[in-house]
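**Student:** Take the sequence shown: its letters are residues 0 to 432, numbered as in numbering that gives the first Met the number 0.
Backbone N, C-alpha and C fix where the C-beta goes; we use that ideal spot for every residue, glycine too.
Submitted below is the structure of interest, expressed as structure tokens.
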Amino acid sequence: MRGVSQTKSAQRDGGRQERPWQRICVLGLGYVGLPTAAALAAKGCNVIGVDVDSNRVAIIKQGRTPITEPELSSMVEDAVASGRLQAQSAVVAADAFIVAVPTPLKRDREPDLRHLRAAASEVAKVLVPNNLVVLESTSPVGSTEAFCDWLAAARPDLSFPHLAGAASDIRVAYSPERVLPGAIVRELVENDRIIGGITPECGEAARSLFLQFVHGECSVTNARTAELVKLTENAHRDVNIAFANEIALVCDAHGVDPWELIGLANRHPRVSVLQPGPGVGGHCIAVDPWFLVHSAPELTPIIQTARHVNDRRPDWVVDRVEAACRGIARPDIACLGLAYKADVGDLRESPAIEIVKKLRTRITGRIVVVEPHIDNLPVELADDGIDLVDLDEALEGATVAVLLTDHREFLEIDPGCLRGKRLVDTRGAWRGF
Ligand code: SAJ
0 MRGVSQTKSA QRDGGRQERP WQRICVLGLG YVGLPTAAAL AAKGCNVIGV
50 DVDSNRVAII KQGRTPITEP ELSSMVEDAV ASGRLQAQSA VVAADAFIVA
100 VPTPLKRDRE PDLRHLRAAA SEVAKVLVPN NLVVLESTSP VGSTEAFCDW
150 LAAARPDLSF PHLAGAASDI RVAYSPERVL PGAIVRELVE NDRIIGGITP
200 ECGEAARSLF LQFVHGECSV TNARTAELVK LTENAHRDVN IAFANEIALV
250 CDAHGVDPWE LIGLANRHPR VSVLQPGPGV GGHCIAVDPW FLVHSAPELT
300 PIIQTARHVN DRRPDWVVDR VEAACRGIAR PDIACLGLAY KADVGDLRES
350 PAIEIVKKLR TRITGRIVVV EPHIDNLPVE LADDGIDLVD LDEALEGATV
400 AVLLTDHREF LEIDPGCLRG KRLVDTRGAW RGF
């Protein structure tokens, strides 16, 4: 493994001198690909953003963004208006390709690499010598080498680094995204980056590409290490959240407030417990640890247990709501928050959705949802006779209020509005009410 660490300005200057990346094709215009494309366009690159979703392409072509994320809409608007970001559905020839397509799980929790394969087949059609291809999608260890194999099979006329080494026609590297939804634009620029080259030359080429807009340090290593770093980061967070959730169960059994307890434990100089909650959502932390488990089931008991601990949280919340409803013939339940975490509108893998669905099957009464970041409920809830209402309406009639997401709006609720209601607080925000 190689590690490179330089001063930030030296990195950036070095990057510029090494290799100019003028025309860049970004495959996948989602939470990672679109901000990356816009950031490169803002630095003067000509960026072709490609997505298989024609709706998404049409929205971006108008200078709008299909993703709600601070600062992103003005960035995309400027990039499209300047002509430096062009959205389309076909992959075209470029100096460098950035692949940021989804890598979901199959039903049996096996990593589903079909979007990566499709990207390889499209990129292979337009490759020319000296091109650079960088994978950003969170992927199982060995995926970048597999990607090289797919490219090489499609283009026997070109040489690839996993076989030809430093002399290869094409450079291939892996550089995982690390951005936090809710702060993507800032973190894309400020965070340190890990860059794993198939060869050291591939790593350096990719580093010079990212130094066009990254202010954080760019550390170069090999592709396998970079793939495993990404999976380790998210599994680490999942395990630590599971620890907090487990401690919360113990607190409950002893009649102790878990948030007070964690606050006090964290005053120890070497303790940093995370926060318990209704479960782990989002498209990353609830998914990526399975990539590690799938590759080494016998070696990962802690990671697997953490996943199960976090996955059981929604049932625990439903039990708590049921207990709160005891003695009320037809409770009016206000569920506050549907997004997977505070101040975003992202509902993917949100435990709040599972909780509301289970409440519907277990409790006879009215259930309303407040989610300030969406205009319509997901079909699965709307079909279940659940209404999306505003905060005032929800609290007015509610006998039971359940806090599922700690959005700013809910933290600012006047305690008087909750008086007389039975409260289930899964985020520790209404303590003392
Ligand atoms: N959560 C808790 N307790 C906590 C922290 C989080 O219950 O103390 C819950 C949240 O409510 C949410 C889930 O965990 O449901 C995940 O939220 P998050 O804010 O921890 O992470 P994500 O999924 O939004 O973003 C993560 C980040 N990874 C790490 O912090 C290691 C981000 O940097 C990654 O880029 C992102 O995954 C990704 O795309 O992989």
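#1: Are residue 34 and residue 184 touching if we call contact CB-CB under 7 Å?
#2: Nearest-angstrom Cα distance between residue 219 and residue 93?
#3: Among the residues of its own chain, which have a CB less than 8 Å from the CB of residue 428, if the five just before and after it don't count?
#4: Tell me, please, which residues DSSP counts as bridged to residue 169.
#5: Using a Cβ-Cβ cut-off of 6 Å (strictly less than) and excluding sequence neighbours within five positions of residue 435, which residues of its own chain qualify?
#6: Grouping DSSP H, G and I as helix and E and B as strand, with all else coil, what is residue 401?
#7: Consult DSSP for residue 303 and reduce its assignment to one of helix, strand or coil.
#8: What three-state label does DSSP hand residue 154 in the structure shown?
#9: Apart from the five residues just before and just after residue 436, which ones in its own chain have a Cβ nearer than 8 Å to its Cβ?
#10: Should residue 426 be labelled buried (16 or more other beta-carbon atoms within 10 Å of its own) or exposed?
#11: Since residue 334 sits in a beta bridge, which residues does DSSP pair it with?
#12: Measure the Cβ-Cβ separation of residue 313 and residue 278 and say whether it is below 7 Å.
#13: Nearest to residue 275 by CA position, among 261, 268 and 283, is which residue?
#14: Which ranges would you report for the alpha helix (DSSP H) in the segment 156-237 if only whole runs of at least 4 residues count?
#15: Would you say residue 288 touches the ligand SAJ, meaning its beta carbon is less than 6 Å from a heavy atom?
#16: Spell out the partners DSSP gives residue 45 in its beta bridges.
#17: DSSP on residue 92, reduced to helix/strand/coil?
#18: Kindly list the residues whose CB is nearer than 8 Å to the CB of residue 182, restricted to its own chain and excluding five residues on each side of it in sequence; keep chain order.
#19: With a threshold of 6 Å on Cβ separation, who are the neighbours of residue 283 within its own chain once the five nearest residues in sequence on each side are excluded?
#20: Report the option in 298, 357, 347 and 339 whose CA atom is closest to the CA atom of residue 319.
#21: Helix, strand or coil: how does DSSP classify residue 127 here?
**Tutor:** Checking against the coordinates, here is how it stands:
#1: Locating residue 34 in the sequence shown gives position 35, counting from the first residue. Locating residue 184 in the sequence shown gives position 185, counting from the first residue. Contact flag set, yes.
#2: By 1-based counting over the sequence shown, the position of residue 219 is 220. By 1-based counting over the sequence shown, the position of residue 93 is 94. One Cα belongs to residue 219, the other to residue 93, and the distance between them is close to 23 Å.
#3: One-based indexing of the sequence shown puts residue 428 at position 429. Taking residue 428 as the centre and dropping the five residues before and after it, the same chain places the C-beta of 402, 405, 409 and 410 closer than 8 Å to its C-beta, in chain order.
#4: Taking the sequence shown and counting its residues from 1, one reaches residue 169 at position 170. BP columns for residue 169 are empty, so no partner.
#5: Given that the chain is displayed from residue 0 to residue 432, the structure contains no residue 435 and the question cannot be resolved.
#6: Position 402 of the sequence shown holds residue 401. In the structure shown, residue 401 falls within a strand segment according to DSSP collapsed to helix, strand and coil.
#7: Working through the sequence shown from its first residue, we reach residue 303 at position 304. The answer is helix: DSSP assigns residue 303 an H, G or I state.
#8: Here the question's residue 154 lines up with position 155 in the sequence shown. DSSP places residue 154 in coil when its eight states are reduced to three.
#9: A query on residue 436 cannot be resolved here, the shown segment of the chain reaching from 0 to 432 and no further.
#10: As a working mapping, residue 426 is identified with position 427 in the sequence shown. Label assigned to residue 426: buried.
#11: Looking up residue 334 in the sequence shown gives position 335. DSSP lists 368 and 401 as partners of residue 334.
#12: To locate residue 313, count along the sequence shown from 1; it is residue 314. To locate residue 278, count along the sequence shown from 1; it is residue 279. Taking 7 Å as the cut-off, the Cβ atoms of residue 313 and residue 278 count as close.
#13: Working through the sequence shown from its first residue, we reach residue 275 at position 276. Considering only alpha carbons, the answer is 261.
#14: Fully enclosed alpha helix (DSSP H) runs of 4 or longer: 160-163, 183-189 and 199-209.
#15: As a working note, residue 288 is residue 289 in the sequence shown. No, the ligand SAJ has no heavy atom inside 6 Å of this Cβ.
#16: One-based indexing of the sequence shown puts residue 45 at position 46. Listed as beta-bridge partners of residue 45 by DSSP are 22.
#17: Within the sequence shown, the letter at position 93 stands for residue 92. Residue 92: coil per DSSP, three-state reduction.
#18: Working through the sequence shown from its first residue, we reach residue 182 at position 183. Closer than 8 Å at the Cβ level, and outside the excluded window around residue 182, lie 69.
#19: Along the sequence shown, read from residue 1 onward, the residue named residue 283 stands at position 284. Once the five neighbours on either side are set aside, the close Cβ partners of residue 283 are 233.
#20: Here residue 319 refers to the residue found at position 320 of the sequence shown. Residue 357 is the option with its Cα nearest to residue 319.
#21: As a first step, residue 127 is located in the sequence shown; it is residue number 128 there, counting from the start. In this structure, residue 127 counts as coil in the three-state DSSP scheme.
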